[in-house]
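Visitor:
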Amino acid sequence: MLSIQKFVLGPVATNTYLIADTDTGEADARDAVVIDPGGEGHLIVKAAEKRGWKIRQIWLTHSHFDHIGGVAEIVSDSGGVVVGLHPDDLPLWKHKGGASFFGMDVDPGPKPTLKFQHGQSLSVGSYKFEVRHAPGHTPGHVIFYCQAAGTLFSGDVILQGSIGRTDLPGGDYATLMKSINEQVLSLPDDVRILPGHMGETTVGAERRGNVFLG
Ligand SMILES: [Zn+2]
Ligand SMILES: [Zn+2]
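Per our numbering, residue 273 is the first one in the sequence shown, and the count goes up by one each step.
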């Protein structure tokens with residue numbers, strides 16, 4: 273099964289997800305992926321080691337400072353970790369995810385070398401994930417959809433009862449609404465949404481109850 277460990281990390285309580293397929297691979301060296309390490313990379317690596325998981329990749333939904341703060345420590349603790357990001361978010365990544373805008377500083381870690389593109393297929397054990405480009409919160413925001421597990425990692429595109437902010441550099445409201453309609457609401461109602469902040473939800477719950485979706 274797809275095991276999903278959630279951590280709430282960093283200066284603005286970002287949801288970080290450590291995931292692995294517990295049915296595939298060696299029991300003491302299962303391939304694991306971290307989505308949006310918001311901070312405390314050492315803690316995430318320890319949590320993986322405790323389970324016998326080996327972090328192979330870091331998938332960034334986007335490069336805001338609160339989603340990348342744990343990258344450097346994870347990479348330094350566990351050799352050979354590949355970091356993925358959509359190229360349209362690289363300019364923001366180079367500005368440390370806008371950290372200075374909030375009076376903060378962050379070590380973004382090594383430059384991402386896995387370039388995400390819309391429609392790309394990623395995998396964790398036997399689970400396939402589809403990369404969906406969903407700009408609007410940032411230009412290169414992507415979300416990760418696993419059909420077999422009925423789960424969407426939505427970053428800051430859609431949140432429980434809310435949507436991502438569009439007032440930061442690179443944000444655009446009309447673009448975000450288009451992304452939500454085409455990349456999120458096109459999925460079945462029972463798909464579980466694991467967002468970048470706050471609690472989890474489903475596509476159906478947001479379709480029915482999210483007042484921002486009009
Ligand atoms: Zn963000
Ligand atoms: Zn965020």
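For every residue, glycine included, the Cβ atom is placed at its ideal position computed from N, Cα and C.
Since this is a predicted model, take the numbers as computed values, not measurements.
Less than 8 Å between the CB of VAL284 and some heavy atom of ligand 2, yes or no?
Guide: yes
Visitor: Can you find a heavy atom of ligand 1 that lies under 8 Å from the Cβ of ASP377?
Guide: no
Visitor: Just to confirm, is the Cβ distance from LEU364 to GLY442 under 9 Å?
Guide: Yes, they are a contact pair.
Visitor: Is ASP444 near ligand 4 - that is, is its Cβ less than 8 Å away from at least one heavy atom of it?
Guide: Absence of ligand 4 is noted for the structure shown, with ligand 1 and ligand 2 being the only ligands found.
Visitor: Identify the residues that DSSP records as bridge partners of THR473: which are they?
Guide: Listed as beta-bridge partners of THR473 by DSSP are ILE465.
Visitor: Counting only runs that start and end within the stretch 359-444, where is the alpha helix (DSSP H) found for 4 or more residues in a row?
Guide: Complete alpha helix (DSSP H) runs here, min 4: 362-366.
Visitor: Which ranges would you report for the beta strand (DSSP E) in the stretch 332-362 if only whole runs of at least 3 residues count?
Guide: 354-357
Visitor: Does the CB of GLY468 have a neighbour CB from chain D at under 9 Å?
Guide: Checking the listed chains, one finds no chain D in this structure; it contains a single protein chain.
Visitor: Please classify GLY481 as buried or exposed, where buried requires at least 16 other C-beta atoms within 10 Å of its C-beta.
Guide: exposed
Visitor: Mind checking who ASP303 pairs with in its DSSP beta bridge?
Guide: LYS326
Visitor: Grouping DSSP H, G and I as helix and E and B as strand, with all else coil, what is THR447?
Guide: helix
Visitor: Identify every residue that forms a DSSP beta bridge with LEU278.
Guide: With the sequence shown as reference, residue 278 is identified as Lys, and Leu is not the correct amino acid for it. Answer is TYR289.
Visitor: With H, G and I counted as helix, E and B as strand and the rest as coil, what does DSSP make of GLU478?
Guide: helix
Visitor: Taking the alpha-carbon of ILE415 as reference, which of ILE465, ALA344, THR474 and GLU345 has the nearest alpha-carbon?
Guide: ILE465
Visitor: Which same chain residues end up closer than 7 Å to VAL285 when comparing Cβ atoms and leaving out the 5 residues on each side of it in sequence?
Guide: Looking at the sequence provided, one finds Ala at residue 285 rather than Val. Apart from the 5 residues on each side of it in sequence, ALA285 sits with its Cβ closer than 7 Å to the Cβ of HIS469 in its chain, given in chain order.
Visitor: Please indicate yes or no: does the CB of ASP303 lie closer than 8 Å to some heavy atom of ligand 2?
Guide: no
Visitor: What's the call for PHE373, buried or exposed, on a 16-neighbour Cβ count within 10 Å?
Guide: exposed
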